[in-house]
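In what follows, a structure is listed as structure tokens, so that the remarks can point back to it.
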Amino acid sequence: DSKELKSFKKLPYPHGIRFEDLHGNPDLRSEKLIQPAIEFQLAKNAGLVIAPFFFTEDDNGAKFNLNLTMLSESIRYFQSQKIQKPLFSMIYIGNAVLTNSSAIINVVDRYTDEVYQKAVSGHVVAIDNFDAKRMSVESLCGLAKLVFLLSLENKPVFVKSIGTFGEVLGAIGAAGFIGDKETMSVEYLQERPKFFGRPKNWVYLPEMMDHANEAEARKIGYKCPCPACGGAIAIDATSRKRHLLYSRMKAMDELSKRIPDKRIDYMKNRLGQAIDFVDYCVSKHRSPFEKTRLALVKWGQVLDFAKTLKRAEKDSAFEKALLADLDSKTA
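The opening position of the sequence shown corresponds to residue 39 in our numbering, with each subsequent residue numbered one higher.
In structure tokens, the structure reads:
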């Protein structure tokens, strides 16, 4: 559905070939998909290469299994061609997986299998139709668990198209996030929408970790000291993108200064400050930021959940060390 779009025509992916053909024919897959995808990225001087993949709704279908096969085939191609770039996996999966704990664990187990331990340098995670403001706490916690468990490999985990919730995931284990859009969606490609993203007259307010209409930002007297805004509000689309980039980079830089064990508390405090800012705007200026506040509260609950994950991991590590010590003394 997307291959007729102008931008997609620049990509080296095969046209007129069915999934069934690629699934059942390793030679065709290598010639038409794996090699062209890798070489295309190398030709663009990419700092890392993402193994080719299919979007998959769940963790047990044909496309999920084929993605793992193609990851193995990408590793073999890297080795045969002596390619020295880092190779990343891309896990693009349906959001229903996030409410299924066994599915999350299966995804992590499959992508951290010993087959990939040395050859895969990191992971990119994307969840289809994931809206961090509207999703349930259960789904948000599911993504947090997925990212946290993948990060235990001590390899970078990036989350794609996630918006400001990416900062929260950074406190939990993500190495970073890609916020070009706030969600990825296969439907965007299928329906060929005429418009992507939010209206141009919206501006990002880092103090409340969300966007606001420009008129509302001016009503509350918002001013930003970043280089793009110069003590006012950025007035054109390019400056607003720069303002968003400055704001996000500053937030992640501040987070990176904290040792990992302190990052959740730091982010919890930042969420508290954002809630206070929203409460002030609502009470003082009657600003319509109630939905933002609800999202911030949910994100705080995700951080509380992440603390239980970290405690469980520490307990598990302690138990393993204790058992190893007992085994050595028994021996």
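Here a beta-carbon is modelled for each residue, glycine too, at the ideal position from N, C-alpha and C.
| Asked | Found |
| --- | --- |
| 8 Å contact criterion, which S277 and A266 should meet: CB distance rounded | 5 Å |
| Secondary structure of K47, DSSP reduced to three states | helix |
| Beta-carbon proximity of D159 to L125, cut-off 7 Å | According to the sequence as given, residue 159 is Ser; it is not Asp. Their beta carbons are under 7 Å apart, which means S159 touches L125 by this criterion. |
| Where the beta strand (DSSP E) containing V197 begins and where it ends | V195 to K198 |
| Beta-bridge partners of A131, as assigned by DSSP | The identity of residue 131 in the sequence shown is Ile, whereas the question assumes Ala. For I131, which the question treats as bridged, DSSP gives the partners T94 and I165. |
| Beta-bridge partners of H249, as assigned by DSSP | Y242 |
| Strand pairing of A270, partner residues [DSSP] | C262 |
| Span separating the alpha-carbon of D274 from that of S118 | 49 Å |
| Three-state class that DSSP yields for F186 in the structure shown | helix |
| Cβ neighbours of H61 in the same chain (closer than 7 Å, five flanking residues each side left out) | A100 and L104 |
| Reduced DSSP secondary structure (H/G/I, E/B, other) of V87 | strand |
| Alpha carbon of G259 to alpha carbon of L243, nearest angstrom | 12 Å |
| Exposure label - L178; buried when at least 16 CB within 10 Å | buried |
| Buried versus exposed call for G310 [16 or more other C-beta atoms within 10 Å across all chains shown] | exposed |
| Of the listed residues C262, K288, S321 and L207, nearest to D303 (C-alpha basis) | L207 |
| CB contact flag (F168, V197, <7 Å) | no |
| Residues bridged to L125 (per DSSP) | V87 |
| 7 Å Cβ cutoff met for A182 and V335 | no |
| Distance, A312 Cα to V241 Cα | 16 Å |
| Neighbourhood of K44 by C-beta, 7 Å cutoff - its chain only, sequence neighbours within 5 removed | none |
| First through last residue of the beta strand (DSSP E) which encompasses I216 | G214 to I216 |
| Helix, strand or coil at G160 according to DSSP, with G and I counted as helix | strand |
| DSSP state of R296 mapped onto helix, strand, coil | coil |
| Spatial neighbours of L347 in its chain, beta-carbon cut-off 6 Å, leaving aside the 5 residues before and after | F186 |
| Nonlocal neighbours in the same chain, by C-beta distance under 6 Å from F102, ignoring five residues either side | T94 |
| Three-state class that DSSP yields for V335 in the structure shown | helix |
| For F78, the first and last residue of its enclosing alpha helix (DSSP H) | Q73 to A81 |
| Proximal residues to F343 (C-beta, below 7 Å), its chain only, five neighbours per side dropped | C179 and A182 |
| Inter-residue CB distance, K329 and K171 (contact presumed, cutoff 8 Å) | 7 Å |
| Pick from L184, Y318 and K279 that is closest to E245, judged by C-alpha positions | Y318 |
| Candidates P74, A81, N144 and M247: closest to I200 by CA position | M247 |
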